[in-house]
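Engineer:
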Amino acid sequence: MRVCGVYFVFVILLSACTNGVSHLDIALQQAKHNKAELEKVLKHFKHDSLKYRAACFLIENMPGKYSILPYDSLDRYKNFLKIIPQNDPISWDVRYSKIWHGFDSISKRQLAGFSKIEDIKVITGDYLIKNIEYSFKIWENGKIKDYCSFDEFCHYILPYRIDHEPLSDWREEGFQKFGHLLDSLMSPRELALRIIKLGGMRYNIGMTKYPYKQSYAEMLQTRWGTCDDMAAFLALSLRAIGIPASIDYVPAWANRSSSHCWNVVKDATGDFIEVGYGPEGKNEVVYKISKIYRKKYDIPLCDVTSEYAMPLSDLTFRVPSQKDKQLISLCTFNNHDWVPVALSKVMNGSVLFESVGRGILWGDNQIRTYLNEGKGIVFLAFISQKGRLNNKPIGFPVILLEDGTIKELCASTEKESIILYRKYPYYGSNNAIIYDSNEICVDNEYELFYWNMKWISLGRKFAVDNKLHYDDVPKGALLWLKNHTQGKEERIFTYEDGKQVWW
């Protein structure tokens, strides 16, 4: 059985104190030799109760925050970033992207070596003091204070970082670049759109080959990035001019691989409004979503699925063999692995996952449908141990259908013969045979699996024409066809009324 090797990070909220020790004391202990720098900040603000609270908020939630940096200044990736091409007209295609080929060439000569530098052990008191003073100045003197509480300020303006980027003076850089926009009467969303236009950040698939996170200054210089880079750039730019902003995040699409993120800004009504890099700030969502989280300094991924007006359901699984508080992960399939999208605890022999997507989007977003796509999302729950999935699923996969009903995919003892034409669905509604290397290819070797508490092989076969015949396939099972010869795209499916139905 395969499950995702890199576990999606969830933060489990603990009580305010652990054995009588506050989170602030724990953070100071973890700072070790850097403790004096953090105490310098607390001493500096001891006579200003609000700024002292802000300092405590940053310090007590600092454990787990870090930068990802190259080992040394001779790093080829970092040096290529300094001379990165500004003209890359087909930036979304790996075949033509100059940046992709540049980083790909480096990857063949240098392994990406990096250091994980923990903030708690290196951050200086002066850096934190400057960050706090600057953020208070822009918050207290700005128009936003009327509808941005201190608590919201701490979450969406005050934090000195958004991800694992290098520590930098991004507030000053952002204010120098975009501070003049505050002289206008624009709404927070309109400000975000102006920053998108003036900032000039563009997507480039080649940046997915860059093994580190860009600093704010680097993004201002390169103006190229991944979706994560673009969202980070906008969030930091908005915070630099005192606008509460964050990033909402889909950890895994529910009907294909990869993930997605976009920005949100808090407007005068008190609501968070989504902002994307599409036309007129459109956040274009075209795939199925099971869960949406928001990045917050103290809760890196806070569940906000219910803030989006799409059909949701609660999923409950019986787990009588597990003790209370045992962690259970809810997973979807990402073309190759089960990946976690939610985490919950066992209580009284069952586990509840609230506000789970059914495969219908919100607003005018429309699913980019596959040919013969199922109407819903397939989920499977696993026992979680020490923050990772183990090899113990609980029960069978289930389909949460669009109408909210639940169908269990239990492999029957009754068998059937099936004919397969593809390993991955085709976008669109054309009923003709499509040739895109995901169809059955002659002389390629395939292997069909069905799920019964693990992936079980039904044998390997070489294709002699454009279809594969398999006998003795358990009815009602979840299936997965692998091509061992070529290609990466593979998708789970069921077999219904003589057809592959994709999930």
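For the record, in the sequence shown the residue sitting at position 114 is 114 according to full-length UniProt numbering, with numbers rising by one throughout. Glycine included, each C-beta is placed from N, C-alpha and C at the ideal position.
(1) Considering only residues of the same chain and omitting the five flanking positions on each side of Ile-399, which have a CB-CB separation below 6 Å?
(2) Give me the Cα-Cα distance between Ile-120 and Tyr-446, rounded to the nearest whole angstrom.
(3) Rounding to the nearest angstrom, what Cα-Cα distance links Lys-488 and Phe-333 in this structure?
(4) Within the same chain, show all residues whose beta-carbon is closer than 6 Å to that of Ile-492, passing over the 5 residues directly before and after it, in chain order.
(5) With which residues is Ala-342 paired in a DSSP beta bridge?
(6) Skipping 5 residues on each side, what residues in its chain have a beta carbon closer than 7 Å to that of Arg-202?
(7) DSSP state of Gln-500, grouped into three classes?
(8) Jot down the residue ranges of each uninterrupted alpha helix (DSSP H) in the region 43-112, minimum 4 residues, whole runs only, in chain order.
(9) Ignore the nearest five residues each way along the sequence and tell me which others in Phe-233's own chain have a CB closer than 6 Å to its CB.
(10) In three-state terms, what does DSSP make of Asn-204?
(11) Which stretch, first to last residue, makes up the alpha helix (DSSP H) that contains Trp-170?
(12) Does Val-41 get closer than 8 Å to chain B when you measure Cβ to Cβ?
(13) Quick check on this structure: which residue in Asp-314, Glu-284, Asn-283, Phe-45 has the alpha carbon closest to the alpha carbon of Lys-291?
(14) Looking only at its own chain, which residues have a Cβ that is under 7 Å from the Cβ of Met-230, when we skip the five neighbours before and after it?
(15) Could you tell me whether the Cβ atoms of Val-265 and Pro-188 are closer together than 8 Å?
(16) List the endpoints of the continuous alpha helix (DSSP H) containing Ala-240.
(17) Taking the beta carbon of Glu-490 as the centre, do at least 16 other beta carbons fall within 10 Å, making it buried, or is it exposed?
(18) Roughly how many angstroms lie between the CA atoms of Asp-497 and Asn-255, to the nearest whole one?
(19) Report whether the distance from the Cβ of Phe-136 to the nearest heavy atom of the ligand NAD is below 7 Å.
(20) Where does the unbroken alpha helix (DSSP H) through Glu-140 begin, and where does it stop?
(21) Whether or not the region 267-287 and the region 315-326 are in contact is what I'm after, with contact meaning three or more pairs of Cβ atoms, one per stretch, closer than 8 Å; do they touch?
(22) With three or more C-beta pairs closer than 8 Å as the rule, is the region 340-359 touching the region 304-312?
(23) Skipping 5 residues on each side, what residues in its chain have a beta carbon closer than 6 Å to that of Glu-373?
(24) Identify whether Gly-359 lies in helix, strand or coil by the three-state DSSP scheme.
(25) Please state if the CB of Ile-68 and the CB of Phe-114 are separated by a distance shorter than 8 Å.
(26) Taking 7 Å as the limit between beta carbons, can you name the residues of its chain near Tyr-335, skipping five residues before and five after?
(27) For Asn-131, count neighbouring C-beta atoms within 10 Å of its own C-beta (all shown protein chains included) and say buried if the count is 16 or more, exposed if not.
(28) Does DSSP put residue 511 in a helix, a strand or coil?
(29) Between Met-347, Lys-78, Asp-337, Cys-441, which lies nearest to Lys-325 when the distance is taken from Cα to Cα?
(30) Buried or exposed for His-155, please, with buried defined as at least 16 other CB atoms from any protein chain shown within 10 angstroms of its CB.
(31) With which residues is Trp-480 paired in a DSSP beta bridge?
(32) Note the first and the last residue of the continuous beta strand (DSSP E) segment covering Pro-474.
(33) Between Ser-259 and Val-250, which are expected to be in contact by the criterion C-beta below 8 Å, what is the C-beta distance as a whole number of angstroms?
(34) Relative to the alpha-carbon of Gln-366, which residue among Val-286, Asp-403, Phe-178 has its alpha-carbon at the smallest distance?
(35) Do you know how far the Cα of Gly-174 is from the Cα of Ala-27?
(36) If we count the other Cβ atoms within 10 Å of its Cβ and call it buried at 16 or more, is Ser-329 buried or exposed?
Structural biologist: On the basis of the coordinates in this document:
(1) Here the set comprises Gly-376, Val-378, Lys-407.
(2) Looking at the two C-alpha atoms, the distance is approximately 50 Å.
(3) Cα to Cα, Lys-488 sits roughly 14 Å from Phe-333.
(4) Taken in chain order, the residues that qualify are Phe-333, Leu-478, Trp-480, Trp-503.
(5) According to the DSSP secondary-structure assignment, Ala-342 is paired through a beta bridge with Leu-330.
(6) Taken in chain order, the residues that qualify are Ser-91, Arg-223, Trp-224.
(7) Here Gln-500 carries a strand assignment [DSSP, helix/strand/coil].
(8) For the region 43-112, the continuous alpha helix (DSSP H) assignments of 4+ residues that do not extend past its boundaries occur at 49-60, 76-82, 98-107, in sequence order.
(9) Here the set comprises Met-201, Met-219.
(10) Secondary structure at Asn-204: coil, using DSSP grouped into helix, strand and coil.
(11) Judged by DSSP secondary structure, Trp-170 falls within the alpha helix (DSSP H) whose first and last residues are 170-178.
(12) Annotation note: the requested chain B is absent from the structure, which comprises a single protein chain.
(13) Answer by Cα proximity: Asp-314.
(14) In chain order, Met-201, Tyr-203, Tyr-277 place their CB closer than 7 Å to the CB of Met-230, counting only its own chain and leaving out the 5 sequence neighbours on each side.
(15) Their beta carbons are under 8 Å apart, which means Val-265 touches Pro-188 by this criterion.
(16) Bounds of the alpha helix (DSSP H) holding Ala-240 are 227-240.
(17) Buried is the call here.
(18) The alpha-carbon atoms of Asp-497 and Asn-255 are separated by roughly 21 Å.
(19) This structure lacks the ligand NAD, and indeed carries no ligand of any kind.
(20) Start and end: 125-141.
(21) Between the region 315-326 and the region 267-287 there are fewer than three inter-stretch CB-CB distances shorter than 8 Å, so the stretches are not counted as touching.
(22) Under the 8 Å Cβ criterion, the region 304-312 counts as touching the region 340-359, having at least three qualifying pairs.
(23) Taking C-beta separations shorter than 6 Å and ignoring five residues to either side along the sequence, the partners of Glu-373 in its chain run Trp-502, following chain order.
(24) In the structure shown, Gly-359 sits in coil (DSSP, three-state: anything other than H, G, I, E or B).
(25) Yes; because the gap between Cβ atoms is below 8 Å, this pair is in contact.
(26) First, the amino acid is wrong: residue 335 is Asn here, not Tyr. The beta carbon of Asn-335 sits closer than 7 Å to those of Arg-256, Ser-257, Glu-489, Glu-490, Arg-491, all from its chain and outside the five residues before and after it, given in chain order.
(27) Result: buried.
(28) The question about residue 511 has no answer here: the residues shown for the chain are numbered 1 through 503.
(29) With distances taken between Cα atoms, Lys-325 lies closest to Met-347.
(30) Taking all protein chains shown into account, His-155 has 16 or more neighbouring C-beta atoms within 10 Å of its C-beta and is therefore buried.
(31) According to DSSP, Trp-480 bridges with Phe-449, Ile-492.
(32) Note, Pro-474: beta strand (DSSP E), 468-474.
(33) The pair is a contact, with the Cβ atoms about 5 Å apart (cut-off 8 Å).
(34) The shortest C-alpha separation from Gln-366 is found at Val-286.
(35) The straight-line gap separating the alpha-carbon atoms of Ala-27 and Gly-174 is approximately 29 Å.
(36) Residue environment for Ser-329: buried (at least 16 other C-beta atoms within 10 angstroms of its C-beta).
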